[in-house]
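K.L.:
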Amino acid sequence: MSAEPSEFATLKFRDKEVVLPVVTGTEGEKGLDITGLRKSTGLVALDPGFVNTASCYSQITYIDGEKGILRYRGIPIEELVQKVMFVDVAYLLVHGELPDEETRREFSSQLNTNSLIHEDMRHFFDHFPKGSHPMHILSTMINAMAAFYPNVDIKSMADNIDQSCARVISIVRTMAAFAYKKSIGEPVVYPRYDLSYCANFLNMMFDSPVKPYQIRPEIVRLLNILFIIHADHEQNCSTSAVRVIGSAQVNLYATISAGISALSGPLHGGANQAVIEMLRTIQEDGDINKFIRMAKDKNNPFRLMGFGHRVYKTYDPRAAIVRGECEKFFHQYKYSDPLLDVARKVEEIALTDPYFIERHLYPNVDFYTGILYRAIGIPENMFTVMFALARLPGWVAHWREMIGDSTKLVRPRQIYSGRGLRHISPPDAGD
Ligand code: SDX
Numbered sequence: 425m426s427a428e429p430s431e432f433a434t435l436k437f438r439d440k441e442v443v444l445p446v447v448t449g450t451e452g453e454k455g456l457d458i459t460g461l462r463k464s465t466g467l468v469a470l471d472p473g474f475v476n477t478a479s480c481y482s483q484i485t486y487i488d489g490e491k492g493i494l495r496y497r498g499i500p501i502e503e504l505v506q507k508v509m510f511v512d513v514a515y516l517l518v519h520g521e522l523p524d525e526e527t528r529r530e531f532s533s534q535l536n537t538n539s540l541i542h543e544d545m546r547h548f549f550d551h552f553p554k555g556s557h558p559m560h561i562l563s564t565m566i567n568a569m570a571a572f573y574p575n576v577d578i579k580s581m582a583d584n585i586d587q588s589c590a591r592v593i594s595i596v597r598t599m600a601a602f603a604y605k606k607s608i609g610e611p612v613v614y615p616r617y618d619l620s621y622c623a624n625f626l627n628m629m630f631d632s633p634v635k636p637y638q639i640r641p642e643i644v645r646l647l648n649i650l651f652i653i654h655a656d657h658e659q660n661c662s663t664s665a666v667r668v669i670g671s672a673q674v675n676l677y678a679t680i681s682a683g684i685s686a687l688s689g690p691l692h693g694g695a696n697q698a699v700i701e702m703l704r705t706i707q708e709d710g711d712i713n714k715f716i717r718m719a720k721d722k723n724n725p726f727r728l729m730g731f732g733h734r735v736y737k738t739y740d741p742r743a744a745i746v747r748g749e750c751e752k753f754f755h756q757y758k759y760s761d762p763l764l765d766v767a768r769k770v771e772e773i774a775l776t777d778p779y780f781i782e783r784h785l786y787p788n789v790d791f792y793t794g795i796l797y798r799a800i801g802i803p804e805n806m807f808t809v810m811f812a813l814a815r816l817p818g819w820v821a822h823w824r825e826m827i828g829d830s831t832k833l834v835r836p837r838q839i840y841s842g843r844g845l846r847h848i849s850p851p852d853a854g855d
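Take any residue in the sequence shown, count from 1 to its spot, add 424: that is its number in this note's numbering.
1. Determine contact between the segment 532 to 540 and the segment 593 to 601, defined as no fewer than three beta-carbon pairs at a distance below 8 Å.
2. Are the CB atoms of G392 and A655 nearer to each other than 7 Å?
3. Using a threshold of 6 Å, is the CB atom of M559 nearer than that to any non-hydrogen atom of the ligand SDX?
4. In this structure, what does DSSP give as the bridge partners for P429?
5. Can you list, in chain order, the residues of its chain whose CB lies under 8 Å from that of G555, leaving out five sequence neighbours each side?
6. Please name the residue in E451, P429, Y486, S482 whose C-alpha comes closest to that of I458.
7. Is the beta carbon of D790 sitting closer than 7 Å to the one on G730?
8. At what residues does the beta strand (DSSP E) containing I487 begin and finish?
9. Examine the Cβ distances between the segment 436 to 447 and the segment 458 to 476 and report whether three or more of them are shorter than 8 Å.
10. Should A514 be listed as close to the ligand SDX, given that the test is whether its C-beta is under 6 Å from any heavy atom?
11. Rounded C-beta distance between I700 and E804? I'm assuming under 8 Å.
12. Roughly how many angstroms lie between the CA atoms of Y496 and A698, to the nearest whole one?
13. Beta strand (DSSP E) containing I827: first to last residue?
14. Which residues share a DSSP beta bridge with G455?
15. Under 6 Å from any heavy atom of the ligand SDX, does the C-beta of N691 make it?
16. Quick check on N713: buried or exposed, where buried means 16 or more other Cβ atoms within 10 Å of its Cβ?
17. Do R495 and the ligand SDX come close, with the Cβ less than 6 Å from some heavy atom?
18. Between V766 and the ligand SDX, is there a pair consisting of the residue's CB and a ligand heavy atom that are separated by less than 6 Å?
19. Within the same chain, show all residues whose beta-carbon is closer than 6 Å to that of G794, passing over the 5 residues directly before and after it, in chain order.
20. Give the DSSP-derived three-state secondary structure of Y604 in the structure shown.
21. Let me know the secondary structure DSSP gives E521 once reduced to three states.
22. Taking just the CA atoms, how far does T598 sit from F625?
23. Would you say A821 and I484 are within 7 Å of each other, going by their C-beta atoms?
24. Would you identify the three-state DSSP class for Y792, choosing helix, strand or coil?
25. Do you know offhand how far K758's Cα is from R640's?
26. Under 6 Å: does the beta carbon of H733 sit that close to some heavy atom of the ligand SAM?
27. Would you call the segment 823 to 835 in contact with the segment 579 to 586, where contact means no fewer than 3 C-beta pairs closer than 8 Å?
28. Contact defined as beta carbons within less than 8 Å: I believe A672 pairs with A686. What is the distance between those atoms, to the nearest angstrom?
29. With distances taken between CB atoms, is the gap from D471 to T477 smaller than 7 Å?
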């Protein structure tokens, strides 16, 4: 999949002058194609963190960081959260179109059929130390799936993408709920065929033999919205990890396990939990301006968690959706959370401060999501697990797209800056 070059750039270096093609994306974004650079000039491009580098063509998600636009397969995120469910979005990301009624029934049936984990895997949970972070349990368990589910060769998985996708999305959701139940010493709750994807997850998380869980439609709706806004985000750190690992033709389970591990980092998916911890610290301290000063101090490692983004240089459209849902839900159900008041105040101060304005630092997806997870009753150590569950269809979609493109093995070059040639000094004659 590639775009025909529409323009060209000339690079002059010493006695060489090379013409490099410039390709244009669907929305007019321009890319300098340097696939022939080293061969024609001997040069490599240096770009730590790939801030200026497009790693691939992709048809899955479009982000405009300057305008705050996010679309899955061309559909704006704002429309998706209003009109469809997470399961529809999962299908859309993988297949490129929303499912019709018949297809949706089939996909839902596959999700149900694939929602049980192998009974022998259940005993794995008994051997994790108490207090293990659910993200570590999840990445371990999904990696182990390759041992329990044969035919993990990538061709058969890609050819049976619906079953592979359903198995990943559904079983991992069950694993997440089981990990939580184990962490609180309660018996696990099995998935039910009669419940929707999100309702099933809530029931597996909160139902108990002695205290039946009442599934509230408004909570199911909130969870659908949270899952939809996290479902994909083009070449973010964890999706890039999936593409890198997957390019070695590793099976889908191990590839997704790598995505989960990357997402667990506090600069990436782990930020939603870090935001709540930060807001609680600010609330207990009471001096918001002190923390704003710390965030601006280069000598202080403190950062305003949930603020800033590699791509969005304006308000993250997902943060706007979540903030709006917080306000609506809190008002409608007379719910309050002091941390929302702290978050609003932090945002108000930061968005009028030159440091944040000059660096285009705005609330990102993680700034308000923890507030909504608290309202749903999700424990803090499960926040990043929620992000991982939601991101599964995005990772599967990118894995499938990459396999379909017969992608080359990902292996970047480097600029060596170590010691020049030297030899082990011969032992002294006297030794
Ligand atoms: C996610 O990529 C994705 O799409 C990710 C994601 C997804 O859906 O997959 O959107 C999910 O990971 C959201 C981001 C969650 N992380 C956080 O909220 C952690 C806090 N944010 C920062 O760590 C930071 O903003 C990053 C890591 C998100 C982005 O950092 P960049 O792009 O590498 O930018 P940078 O570190 O070079 O910062 C540029 C400047 C620096 O100041 P100067 O050196 O120019 O003076 O902005 C400053 C930074 O110090 N800065 C911050 C800041 N973020 C950037 N200063 C204070 N607080 C912050 N949060």
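Backbone N, C-alpha and C define an ideal beta-carbon position, used for all residues, glycine too.
P.N.:
Taking the coordinates as given:
1. yes
2. Here the chain covers residues 425 to 855 and nothing more, so residue 392 does not appear.
3. Residue numbering aside, residue 559 sits at position 135 when the sequence shown is read from its first letter. False, no ligand heavy atom lies under 6 Å from that Cβ.
4. As a working mapping, residue 429 is identified with position 5 in the sequence shown. V447.
5. The residue given as residue 555 occupies position 131 in the sequence shown. Only S607 meet the Cβ criterion.
6. Position 34 of the sequence shown, counted from the start, is the residue given in the question as residue 458. It is P429 whose Cα lies nearest to the Cα of I458.
7. Taking the first residue of the sequence shown as position 1, residue 790 is located at position 366. Taking the first residue of the sequence shown as position 1, residue 730 is located at position 306. Contact: yes.
8. Reading the sequence shown from its first residue, position 63 is the one you call residue 487. Unbroken beta strand (DSSP E) run through I487: 485 to 488.
9. yes
10. Locating residue 514 in the sequence shown gives position 90, counting from the first residue. No, the Cβ of A514 stays beyond 6 Å of every heavy atom of the ligand SDX.
11. Taking the sequence shown and counting its residues from 1, the one referred to as residue 700 is at position 276. Taking the sequence shown and counting its residues from 1, the one referred to as residue 804 is at position 380. With 8 Å as the limit, I700 and E804 qualify as a contact, their Cβ atoms being about 6 Å apart.
12. Locating residue 496 in the sequence shown gives position 72, counting from the first residue. Locating residue 698 in the sequence shown gives position 274, counting from the first residue. Rounded to the nearest angstrom, the two C-alpha atoms are 27 Å apart.
13. To locate residue 827, count along the sequence shown from 1; it is residue 403. Not the beta strand (DSSP E): I827 falls in the alpha helix (DSSP H), residues 807 to 828.
14. Taking the first residue of the sequence shown as position 1, residue 455 is located at position 31. For G455, which the question treats as bridged, DSSP gives the partners V447.
15. Working through the sequence shown from its first residue, we reach residue 691 at position 267. Here residue 691 turns out to be Leu, not Asn, going by the sequence shown. Flag set: Cβ of L691 near the ligand SDX.
16. Counting from one through the sequence shown, the residue named residue 713 turns up at place 289. Burial call: exposed.
17. Sequence index remark: in the sequence shown, residue 495 carries index 71 (1-based). R495 Cβ: outside cutoff for every heavy atom of the ligand SDX.
18. By one-based count along the sequence shown, residue 766 stands at place 342. Outside the cutoff, so no.
19. Against the sequence shown, residue 794 aligns to sequence position 370. Closer than 6 Å at the Cβ level, and outside the excluded window around G794, lie N696, V699, I700, F807.
20. To locate residue 604, count along the sequence shown from 1; it is residue 180. Note: Y604 maps to helix in three-state DSSP.
21. On the sequence shown, position 97 is the one that residue 521 refers to. If DSSP states are grouped into helix, strand and coil, E521 belongs with coil.
22. The residue given as residue 625 occupies position 201 in the sequence shown. The residue given as residue 598 occupies position 174 in the sequence shown. Rounded to whole angstroms, F625 to T598 spans 7 Å at the Cα level.
23. Mapped onto the sequence shown, residue 821 falls at position 397. Mapped onto the sequence shown, residue 484 falls at position 60. Cβ distance < 7 Å, so A821 and I484 count as in contact.
24. Start at 1 with the first residue of the sequence shown, and residue 792 comes out as number 368. Of the three classes helix, strand and coil, the one that applies to Y792 here is helix, per DSSP.
25. Counting from 1 along the sequence shown, the entry for residue 758 is found at position 334. Counting from 1 along the sequence shown, the entry for residue 640 is found at position 216. Approximately 15 Å, taken between the alpha carbons.
26. Ligands present in the displayed structure are limited to the ligand SDX, and the ligand SAM is not among them.
27. With a cut-off of 8 Å, the segment 579 to 586 and the segment 823 to 835 count as touching, because enough Cβ pairs lie within range.
28. Residue mapping note: residue 672 aligns to position 248 of the sequence shown, counting from 1. Residue mapping note: residue 686 aligns to position 262 of the sequence shown, counting from 1. Incorrect: roughly 15 Å between the Cβ atoms, too far for contact.
29. Within the sequence shown, residue 471 is the residue found at index 47, counting from 1. Within the sequence shown, residue 477 is the residue found at index 53, counting from 1. Closer than 7 Å, so yes.
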